[in-house]
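Start counting at 1 in the sequence shown, then tack on 37, and there's your number in our numbering.
Virtual Cβ for every residue (Gly too), placed ideally from N, Cα, C.
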Amino acid sequence: MSARHYPLMLDPSDLNQLIRARRTHKRFGGAAVPRQDLQELVAMLAWAPNHRLTQPWRVRVLEQDAVAALGSWLLGHVEEVLAASSKPEKDRAKIEKLAAYYFSSIGAVLQITQVIDPDPATALEDYGAVCAGVQNCLLLAEAKGLAAFWSTSSLMANPVLLRQLGIDPGQERLVASLWLGSAVDTPPIPARNSPASYTTWISKDAL
């Protein structure tokens, strides 16, 4: 094995365990997320692999009071939001669910977007880079003991809501609405396919 150009301080088995321990949380305990934690999570976006170093990620951080304010705004603009929705009935139900529980229990929200490149190939690479950055955030959140949920809800991507957050839907696309907070339970381990079900080993004789 070749020597690394930097010291790897983390035991590989610890990283393996962290990746496997990450869970999607849909119940939150109501505690705020410290700003220092949010700053550290946001910094993880920049360490994603990114071809051409386009750095396409953008993030709007809503701390707990801003999450509550967004909830109040949403309840006051339901019809306007639904008029711009491709799934109005589904989004109406989501608004009711958010108002009844999530806006009072989430500790923070990171609206993570991708700057849209006009070149389709670059845009696809950029989307992958932002997704990798979101995974970085999720793993650090798990290590910090935070509950996290990666939402791609049509409601959180609604153009009216995006504009309210200062996001131009013509220039940026939502990749993740990352909901963060305190955990109230440990979600069960979901079933995963074995590597054998999705892996093909190609021998030199096949080439």
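Q) How is I56 classed by DSSP in three states: helix, strand or coil? A) Counting from 1 along the sequence shown, the entry for residue 56 is found at position 19. Residue state, collapsed to three classes: helix.
Q. For the beta strand (DSSP E) that T223 lies in, which residues bound it at each end?
A. In the sequence shown, residue 223 corresponds to position 186, counting from 1. From DSSP, T223 is part of no beta strand (DSSP E); its letter is neither H nor E.
Q) Can you tell me the Cα-Cα spacing of S190 and P225, whole angstroms? A) Along the sequence shown, read from residue 1 onward, the residue named residue 190 stands at position 153. Along the sequence shown, read from residue 1 onward, the residue named residue 225 stands at position 188. Rounded to whole angstroms, S190 to P225 spans 22 Å at the Cα level.
Q) DSSP three-state call for Q92: helix, strand or coil? A) On the sequence shown, residue 92 is found 55 positions in, with the first residue counted as 1. Q92 falls in the coil class under three-state DSSP.
Q: Could you tell me the distance, in whole angstroms, from the CA atom of A145 to the CA atom of Y138?
A: Looking up residue 145 in the sequence shown gives position 108. Looking up residue 138 in the sequence shown gives position 101. So the alpha carbons of these two residues sit roughly 14 Å apart.
Q) Mind checking W110: buried by the 16 CB within 10 Å criterion, or exposed? A) On the sequence shown, position 73 is the one that residue 110 refers to. W110 comes out exposed.
Q. What residue does the beta strand (DSSP E) around T150 start on, and which one ends it?
A. Position 113 of the sequence shown holds residue 150. Per DSSP, T150 belongs to the beta strand (DSSP E) from A145 to V152.
Q. Of the residues N53, L112 and W94, which one's Cα is nearest the Cα of L211?
A. As a position in the sequence shown, residue 211 is number 174, starting the count at 1. Of the listed residues, the one whose Cα sits closest to L211 is W94.
Q.
Just to confirm before moving on: does the CB-CB distance between P232 and A121 stay below 7 Å?
A. Counted from its first residue, the sequence shown places residue 232 at position 195. Counted from its first residue, the sequence shown places residue 121 at position 84. In this structure, A121 does not lie closer than 7 Å to P232 by Cβ.
Q: Would you list the one or two residues that DSSP bridges to E100?
A: Position 63 of the sequence shown, counting from 1, holds the residue named residue 100. Bridge partners of E100: A145.
Q: Verify whether the separation of the beta carbon atoms of R97 and L202 is less than 7 Å.
A: Within the sequence shown, residue 97 is the residue found at index 60, counting from 1. Within the sequence shown, residue 202 is the residue found at index 165, counting from 1. Against a cut-off of 7 Å, the Cβ pair of L202 and R97 comes out as a contact.
Q) So A184 is in the beta strand (DSSP E); what residue range does that whole segment cover? A) Looking up residue 184 in the sequence shown gives position 147. First-last of the beta strand (DSSP E) with A184: A184 to S188.
Q.
For the segment 169-183 against the segment 45-65, do three or more pairs of beta-carbon atoms, one drawn from each stretch, fall closer than 8 Å, so that the two count as touching?
A. yes
Q | Per DSSP, cross-strand counterpart(s) of S214 | A | As a first step, residue 214 must be located in the sequence shown, where it is residue number 177. Its beta-bridge partners are Q148 and S188.
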